[in-house]
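Visitor: Straight run, no breaks: the sequence shown in my numbering ends on number 536. If you scroll down you'll find the structure; I have some questions about it.
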Amino acid sequence: MGTGSAAGDTGLDHAALKEALRSVRHPLYLVHQDGVLTPELARTGQGAPLAREGARVVAFAPPSLPEHLGDPSFCRELGIRFPYLGGSMAKGISSAAIAEELGRAGMLGMFGAAGLPLRQVEDAADRLASSLGKIPYGFNLIHSPHEPDLERELAELYIRKGVRIVEASAFLALTLPLVRYRVHGIRREADGRIVAPNRIIAKVSREELAAKFFAPAPEKFLRELVANGSITEEQAELAAQIPLAQDVTAEADSGGHTDNRPAIALFPTIASLASRLQQTHGYDVKLRAGLAGGISTPASAAAAFAMGAAYIMTGSVNQACVESGTSDAVRGMLADTRQADVIMAPAADMFEMGVTVQVLKRGTMFPMRAAKLYEFYRAYRSLEEIPAAEREKLEKTFFQATFDQIWRDTRSYFLTRDPSQVERAERDPKHLMALVFRWYLGMAAHWAKDGAEQRRMDYQVWCGPAMGAFNEWATGSFLEPPANRKVVDVALNILHGAAQLNRANVLRSQGIQLPQDALTVEPLELAKIKEYLVEN
C-alpha cells in the first residue's frame with residue numbers, strides 16, 4: 001500500500017475523489033492501474049474491488065461515520081446519535097428551539113438559563129419536557145458567586161422538573177447546589193451498579209478545576225446534605241464512589257466566559273487528567289473529555305476528534321442561527337464577523353472580581369464602555385466621588401439617565417430578585433456603584449437580544465473567534481446569508497465535513513499526495529448530506 005506519487009501525476013479525477021470521500025458510509029479504495037489512480041467505493045454487501053489485470057490497491061480509507069467520530073460510550077450513555085453538543089449561551093440565546101432541533105436530529109442541545117428569571121426557566125423546562133419527551137436535552141447552571149440563592153433555586157428547579165442533564169459553567173469552585181443536583185436520587189441497582197439519574201457535564205478551562213469535577217463530591221458537602229435531610233447516609237456513601245462529572249468539556253478560546261486557552265494545549269491536558277484520575281479513583285464508569293471553543297468548521301471539528309475528544313461543543317456559531325434567542329440585528333452583525341473582531345470585556349455577573357467575557361467589538365462600543373466603567377469602579381469608592389464632568393458624560397452617553405434613576409430601577413429589581421443586595425448597597429456605597437454599573441452591562445445584553453435599535457452601539461454580543469472562521473468557510477455557499485443558517489444544517493455540515501477530512505487524512509497517512517481541493521470541504525444542503533449518511 002502507498003505509492004507516494006502525487007495525485008497530479010496520476011490522472012486522478014478530482015471530482016470523483018471528492019465524491020468518494022463524501023460517501024462516508026462506504027470503504028474507499030484507491031486503485032492504481034496503467035499509471036492512473038481511480039477512487040472506488042465498496043457498496044454495502046460488497047468486498048474490496050476485484051483485482052483486474054495490472055491493477056492494485058494502493059490505499060484504503062474505511063467508513064468514517066459522523067456518529068463514530070467521538071467516544072461511542074458517550075453517545076450511548078446519553079442516548080444521542082452524534083457526539084455533538086450545542087452549548088448554553090445565557091439569557092435564552094441558546095433557546096428551547098435550538099434544544100428541540102438538535103435533539104430531534106440526534107444531538108444534545110443545552111438551554112441557556114443564565115440571567116433569566118426563574119419563571120422563564122421553568123417555562124422552558126415545561127416546554128422541552130412536553131415537546132421532546134424522552135429525547136435528551138440539558139439546561140445550564142452557571143456559577144453565581146454574588147447570588148448563591150439563585151444558584152440554589154435553579155438547582156432545585158431542575159430537580160423538581162426532572163431535568164437530567166446540566167451544563168455547569170463558569171464555576172470558580174464547587175458549590176453545595178451543584179452537588180445536591182448531582183446526588184439527588186442516587187441508588188444502587190440490584191446488579192450492584194450505582195445509578196445517579198442526574199448528569200453534570202462540566203465546562204472548564206483549568207486543570208485544577210477539571211480535577212475537582214472528575215473527583216467524587218467533596219465530603220463536606222455530602223455531610224451537609226445528610227445533615228439537612230437531602231440525602232441518606234447510604235446515598236452519601238454511594239456518591240463518594242462516582243465522579244461529580246463523568247464528562248468534562250475543555251473550554252478553549254470561546255465566546256462569553258473564557259480564559260482564552262489554546263485548544264491544542266488545553267485538551268490534551270484535560271484528557272490526560274481524565275485518564276490518570278480514572279485509575280486513581282478506580283471508577284466503574286469512564287471519565288471523558290470533550291472540547292469547546294473555536295469549533296465552527298469541519299477542520300476544527302476534525303482536529304478535535306483527532307486529539308481524542310469524546311464529543312465537541314459549539315456555541316458562537318449557534319447564536320448566528322435562526323433558531324437562537326437573539327435578534328436579527330445581532331445575527332446580521334455575527335454574519336459580518338471576522339476572527340479579529342472580538343475582545344475581552346468586563347462580565348456583568350462577576351464585575352467586582354474583574355472577570356471578563358469575550359464579546360464582539362465590531363459595530364458596538366460596549367467593550368470600550370464596559371472597560372471604562374470598571375476603571376471607575378477601581379478608582380473610586382462611590383458614585384459621589386466620580387468627578388462631575390465624568391459623571392455627566394457617563395449619564396448622558398452610557399446610561400442615558402441619571403445615576404439616581406438607574407439606582408431606583410436597580411433597587412426595585414433586586415428587591416424582588418435578591419433583597420440582600422439592596423441591604424448591602426445601602427450600607428456600602430462602593431457596592432451600590434457596582435450594582436449601577438452592572439445595570440449597564442446587564443442591559444447591554446438585553447438590548448442586543450431584543451434588537452433595541454436605539455441602543456445598537458451598546459450591544460453586548462458574546463462571541464469567540466470561531467464565528468469568523470465559520471463565516472470564512474461559509475462564504476459563497478448557501479450558509480452565507482444569515483436567514484439560511486439553521487442549527488441542524490450547520491451541525492451536520494460540521495460533522496459530515498469532519499468525517500470527510502478524516503478519510504482524506506487516512507489516505508495521506510499512506511503516502512498519497514491528495515489534491516488541495518480534496519482537502520477542501522464546502523457546505524452542502526441538508527438533503528444532500530442525509531443522502532451520504534444513509535445506506536445506499
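Even glycine gets a Cβ: it sits at the ideal position worked out from N, Cα and C. From a predicted model like this one, the values you see are computed outputs, not experimental measurements.
Determine the closest residue to Ala303 out of Gln500, Ala434, Glu19, with distance taken between C-alpha atoms.
Guide: Gln500
Visitor: If we count the other Cβ atoms within 10 Å of its Cβ and call it buried at 16 or more, is Arg381 buried or exposed?
Guide: exposed
Visitor: Taking the Cβ atom as the reference point for each residue, do Tyr137 and Leu178 lie within a distance shorter than 8 Å?
Guide: The answer is no: Cβ separation not under 8 Å.
Visitor: With a Cβ-Cβ cutoff of 8 Å, do Pro83 and Gly70 count as a contact?
Guide: yes
Visitor: Measuring CB to CB, does Ala271 end up less than 8 Å from Ala263?
Guide: For Ala271 and Ala263, no; Cβs fall outside 8 Å.
Visitor: Could you tell me whether the stretch 504 to 520 touches the stretch 350 to 368, using the rule of 3 or more Cβ pairs below 8 Å?
Guide: no
Visitor: Using a Cβ-Cβ cutoff of less than 6 Å, which residues in the same chain neighbour Phe221 once the five nearest sequence positions on both sides are dropped?
Guide: Closer than 6 Å at Cβ, skipping near neighbours: Leu176, Val179.
Visitor: Are Ala105 and Ile142 touching if we call contact CB-CB under 8 Å?
Guide: no
Visitor: Compare the beta carbon distance of Val248 and Ala301 with 8 Å and say whether it is the shorter of the two.
Guide: no
Visitor: Restricting to Cα atoms, I'd like to know which of Pro298, Thr402, Phe470 is closest to Asn505.
Guide: It is Pro298.
Visitor: At what residues does the alpha helix (DSSP H) containing Asp34 begin and finish?
Guide: Premise fails: Asp34 is in no alpha helix (DSSP H) and is neither H nor E.
Visitor: Could you pull out every residue in the same chain whose Cβ sits closer than 8 Å to the Cβ of Val204, ignoring the five residues on either side in sequence?
Guide: Apart from the 5 residues on each side of it in sequence, Val204 sits with its Cβ closer than 8 Å to the Cβ of Phe171, Ala210, Phe213, Val248, Thr249, Ala250, Glu251, Ile270 in its chain, given in chain order.
Visitor: Leaving aside the five residues before and after Gly332 along the sequence, list all residues of the same chain whose C-beta is less than 7 Å from its C-beta, in chain order.
Guide: Pro482
Visitor: Looking at the secondary structure, which residues open and close the beta strand (DSSP E) in which Ala59 lies?
Guide: 55 to 61
Visitor: Quick one: residues in its chain with C-beta nearer than 8 Å to the C-beta of Arg56, no 5 flanking neighbours on either side, listed in chain order?
Guide: Val31, His32, Gln33
Visitor: Tell me the rounded alpha-carbon separation between Ser477 and Ile200.
Guide: 37 Å
Visitor: Given that a residue counts as buried once 16 or more other Cβ atoms are within 10 Å of its Cβ, and exposed if not, what is Ser144?
Guide: For Ser144, the number of other beta carbons within 10 angstroms of its own is at least 16, and it is reported as buried.
Visitor: How many Å lie between Val357 and Ala466 at the Cα?
Guide: 15 Å
Visitor: Across which residues does DSSP place Gln358 in a beta bridge pair?
Guide: Gly256, Met344
Visitor: What residue range is occupied by the uninterrupted alpha helix (DSSP H) comprising Thr314?
Guide: Note, Thr314: premise wrong, no alpha helix (DSSP H); beta strand (DSSP E) at 312 to 314.
Visitor: Quick check: the Cα distance between Ser5 and Arg22, rounded to an integer number of angstroms?
Guide: Any reading at Ser5 needs caution, since the residue's pLDDT is 47, under 50, leaving its predicted position unreliable; the model's value is listed next. Approximately 22 Å between the Cα atoms of the pair.
Visitor: Please confirm whether Lys449 and Thr326 have their CB atoms less than 8 Å apart.
Guide: yes
Visitor: Which runs of the beta strand (DSSP E) at least 3 residues long sit entirely within the stretch 90 to 130? Give them in chain order.
Guide: 108 to 111
Visitor: Using 8 Å as the cut-off, can you tell me whether the stretch 392 to 401 makes contact with the stretch 417 to 426, which would need three or more C-beta pairs spanning the two stretches below that distance?
Guide: no
Visitor: Less than 8 Å between the C-beta atoms of Arg455 and Trp447, yes or no?
Guide: yes
Visitor: Output yes or no for whether 8 Å exceeds the beta carbon distance between Leu41 and Ala59.
Guide: no
Visitor: What residue range is occupied by the uninterrupted beta strand (DSSP E) comprising Tyr84?
Guide: Run containing Tyr84: 84 to 86, per the beta strand (DSSP E) assignment.
Visitor: Report the CB separation of Thr337 from Asn484 in whole angstroms; it is logged as a contact under 8 Å.
Guide: That belief does not hold up - the Cβ atoms of Thr337 and Asn484 are roughly 16 Å apart, past 8 Å.
Visitor: Under the three-state reduction of DSSP, which class applies to Asn140: helix, strand or coil?
Guide: strand
Visitor: Suppose the cutoff is 6 Å on Cβ atoms and the five residues either side in sequence are ignored; what does the same chain contact list for Lys528 look like?
Guide: If we look at Lys528 and ignore the five residues flanking it on each side, it has no Cβ neighbours.
Visitor: Spatial neighbours of Leu132 within its chain, please: CB distance less than 7 Å, with the 5 preceding and 5 following residues excluded, ordered by chain position.
Guide: Result list for Leu132: Glu100, Gly103, in chain order.
Visitor: Taking only three categories from DSSP, how would you classify Pro39?
Guide: It is a strand residue.
Visitor: Quick one, are the C-beta atoms of Val24 and Tyr532 less than 8 Å apart?
Guide: yes
Visitor: What residue does the beta strand (DSSP E) around Ala250 start on, and which one ends it?
Guide: 247 to 251
Visitor: What does a CB cutoff of less than 6 Å around Arg278 pick up in its chain, not counting 5 residues either side in sequence?
Guide: Just to set this straight, residue 278 is Gln in the shown sequence, not Arg. The answer, listed in chain order, is Leu287.
Visitor: Can you list, in chain order, the residues of its chain whose CB lies under 8 Å from that of Leu225, leaving out five sequence neighbours each side?
Guide: Leu176, Val179, Arg180, Val183, Ile231, Ala236
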